[in-house]
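**Student:** The structure that follows is given in the form of structure tokens.
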Amino acid sequence: MMARPCVKYTGDKIPSRSDLRVEGTPGRVIKSKDNKETGPLRFGTWNVRTLQSAVKMENLKKEMDNCGIDVMGLSEVRRKGQGEIMSEDFTLYYSGGDGEGRAERGVAVMVRNKMVKSVVNVNCVSDRLMSVKLKAVPVDILVVQVYMPTSSHEESELEQIYDEIEDILNQEGKGKVNVGIMGDFNSVVGEGPEEKIVGTHGLGKRNVRGNMLVDFCRRHDLMVTNTWFKKRKTKLYTWKSPGDINRYQIDYVLVKHRFRNSVKDVRTFPGADIDSDHNMLAADIQTKLKNIRKTIGKKIRWNLEN
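Counting in full-length UniProt numbering, the sequence shown runs without a single skipped number right up to 306 at its last residue.
In structure tokens form, the structure reads like this:
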């Protein structure tokens with residue numbers, strides 16, 4: 001039998017506690033005062049390395065069902081243009097490039113159809129950035145999906161995307177709005193702690209782009225949620241290098257610090273399979289969606305920036 005090469009995780013031992021851990025056993029089901037079951041919504045993010053074929057789309061829906069995902073942000077969907085695709089159970093909002101040649105980037109947000117009535121705004125900024133706003137209780141939720149450039153790109157390109165995220169926050173994220181910025185950041189924030197931004201359960205040593213991400217979080221009072229929950233290393237890493245020799249944490253879910261107690265759990269699903277080198281990452285956030293009142297001619301507001 002051929003020996004499997006030793007896998008290197010870009011981090012050391014995992015500390016024994018999380019400052020974000022809430023009392024009780026974490027999970028999807030919570031008992032309310034009247035003993036009815038209410039559960040946090042599960043927000044996921046995944047670099048799927050293309051979502052062009054119907055087979056890949058069906059694979060994604062199956063894995064979302066298996067992992068209980070309600071809202072999924074997607075990176076590298078490789079679809080051109082902007083629009084939506086409706087199926088029996090899910091609706092996909094996507095933002096891709098408009099140029100000639102192959103579509104190589106692209107982002108998307110996929111929601112269960114029962115939640116479409118809560119969607120109030122879809123903002124397609126570029127093939128690396130988009131947002132979807134959901135009407136919810138106690139506050140609305142702004143989902144921002146990002147696909148940051150790899151290390152082969154100039155830092156100026158990253159700075160432009162951070163500026164565009166800042167514009168979204170200024171336009172849609174002011175006041176009593178919980179913001180969830182998630183996606184493939186191609187950055188390593190590493191093991192903290194770092195003020196109230198990075199917890200003690202990150203993975204690896206911070207790199208230059210990780211510093212950029214932490215600085216952005218500091219300016220906007222955001223926290224990197226998947227560094228605040230104690231997990232086995234197999235539930236921390238989000239990307240593996242070719243040959244599965246090294247494993248890294250480069251995908252994140254960011255939320256406003258003031259809403260930290262709404263985050264009940266964050267973990268990866270290494271068993272979910274969509275032929276990608278990334279693991280699905282999911283955060284359970286306590287909230288309840290509201291339906292928009294039906295009015296004649298009422299439609300979702302689309303902002304197409306590019």
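Ideal Cβ positions, reconstructed from N, Cα and C, are used throughout, including at glycine.
Roughly how many angstroms separate the alpha carbons of histidine 278 and proline 242, rounded to a whole number?
**Tutor:** About 11 Å.
**Student:** If you follow the alpha helix (DSSP H) that leucine 51 is part of, which residue opens it and which one closes it?
**Tutor:** Per DSSP, leucine 51 belongs to no alpha helix (DSSP H) and is neither H nor E.
**Student:** Please go through the same chain and pick out, in chain order, the residues whose beta-carbon is closer than 6 Å to the beta-carbon of leucine 281, but skip the five residues on each side of it.
**Tutor:** Closer than 6 Å at Cβ, skipping near neighbours: Thr45, Thr238, Asp251 and Thr268.
**Student:** Take leucine 203 as the anchor and find which of Asp98, Thr225, Glu164 and Asp273 has the nearest alpha-carbon.
**Tutor:** Of the candidates Asp98, Thr225, Glu164 and Asp273, the one whose C-alpha sits nearest the C-alpha of leucine 203 is Thr225.
**Student:** For asparagine 291, which residues from the same chain have a beta carbon less than 8 Å from its beta carbon, with the 5 sequence-adjacent residues on both sides left out?
**Tutor:** These residues qualify, in order along the chain: Lys117, Ser118 and Lys135.
**Student:** What residue does the alpha helix (DSSP H) around serine 156 start on, and which one ends it?
**Tutor:** Taken as a continuous stretch (DSSP letters only), the alpha helix (DSSP H) holding serine 156 covers 155-172.
**Student:** Roughly how many whole angstroms lie between the Cα atoms of glutamate 23 and aspartate 284?
**Tutor:** With a pLDDT of 30 at glutamate 23, under the threshold of 50, the modelled position of that residue is not reliable, and the figure given next carries that caveat. Using only the alpha carbons, I get a separation of about 15 Å.
**Student:** For lysine 176, which residues from the same chain have a beta carbon less than 7 Å from its beta carbon, with the 5 sequence-adjacent residues on both sides left out?
**Tutor:** Correct list, in chain order: Val139.
**Student:** Less than 7 Å between the C-beta atoms of leucine 213 and phenylalanine 185, yes or no?
**Tutor:** Cβ atoms of leucine 213 and phenylalanine 185: closer than 7 Å.
**Student:** Taking aspartate 215 as part of the alpha helix (DSSP H), name the residues at either end of that continuous run.
**Tutor:** Looking at the DSSP string, the run of the alpha helix (DSSP H) that includes aspartate 215 is 208-219.
**Student:** Among Thr91, Glu172, Arg79 and Asp98, whose alpha-carbon lies nearest the alpha-carbon of asparagine 123?
**Tutor:** Nearest option by C-alpha distance: Glu172.
**Student:** Which residue wins for smallest C-alpha separation from aspartate 163, given the options Asp215, Lys62 and Ala272?
**Tutor:** When only C-alpha atoms are compared, the closest one is Asp215.
**Student:** On a CA-only basis, which of Met115, Glu63, Val77 and Gly81 is nearest leucine 289? Give me that one, please.
**Tutor:** Among Met115, Glu63, Val77 and Gly81, the Cα nearest to that of leucine 289 belongs to Met115.
**Student:** Quick one: Cα of glutamate 195 to Cα of serine 87, how far?
**Tutor:** Near 43 Å, if we compare the C-alpha coordinates of serine 87 and glutamate 195.
**Student:** Among Glu63, Glu58, Ser53 and Leu41, which residue has its Cα nearest to the Cα of glycine 271?
**Tutor:** Taking only the C-alpha atoms, the option nearest glycine 271 is Glu63.
**Student:** By DSSP, does leucine 236 sit in helix, in strand, or in coil?
**Tutor:** Note: leucine 236 maps to coil in three-state DSSP.
**Student:** CB-CB under 8 Å to tyrosine 248, same chain, minus the five flanking residues each way: which ones, in chain order?
**Tutor:** Around tyrosine 248: Thr10, Val188, Leu203, Gly204, Tyr237, Thr238, Trp239, Lys240 and Ser241.
**Student:** As a quick exercise: from Gln286, Asp273 and Thr287, pick the residue whose alpha carbon is nearest that of asparagine 59.
**Tutor:** Selected option, being the one with the closest Cα: Asp273.
**Student:** For glycine 210, which residues from the same chain have a beta carbon less than 7 Å from its beta carbon, with the 5 sequence-adjacent residues on both sides left out?
**Tutor:** Ser187, Val188, Val189 and Gly190.
**Student:** Exposed or buried, which one is histidine 201 when buried takes at least 16 other CB atoms within 10 Å?
**Tutor:** Histidine 201 comes out buried.
**Student:** Rounded to whole angstroms, what's the CA-CA distance from asparagine 178 to serine 53? Just pull it up for me.
**Tutor:** Each residue's Cα considered, the two are about 33 Å apart.
**Student:** So which of Tyr94, Met110 and Leu222 has the shortest CA-CA distance to valine 255?
**Tutor:** Nearest of Tyr94, Met110 and Leu222 to valine 255, Cα basis: Leu222.
**Student:** According to the neighbour-count rule (16 or more other Cβ atoms, all chains shown, within 10 Å of its Cβ), is lysine 174 buried or exposed?
**Tutor:** By the 10 Å Cβ count, lysine 174 comes out exposed.
**Student:** Do valine 109 and glutamine 145 count as a contact pair if the criterion is CB distance below 7 Å?
**Tutor:** Yes. Within cutoff.
**Student:** Under 8 Å by Cβ, that's how I've got glycine 180 and phenylalanine 43 pegged, so tell me the actual separation to the nearest angstrom.
**Tutor:** Yes, they are in contact, since the Cβ atoms of glycine 180 and phenylalanine 43 sit about 6 Å apart, within 8 Å.
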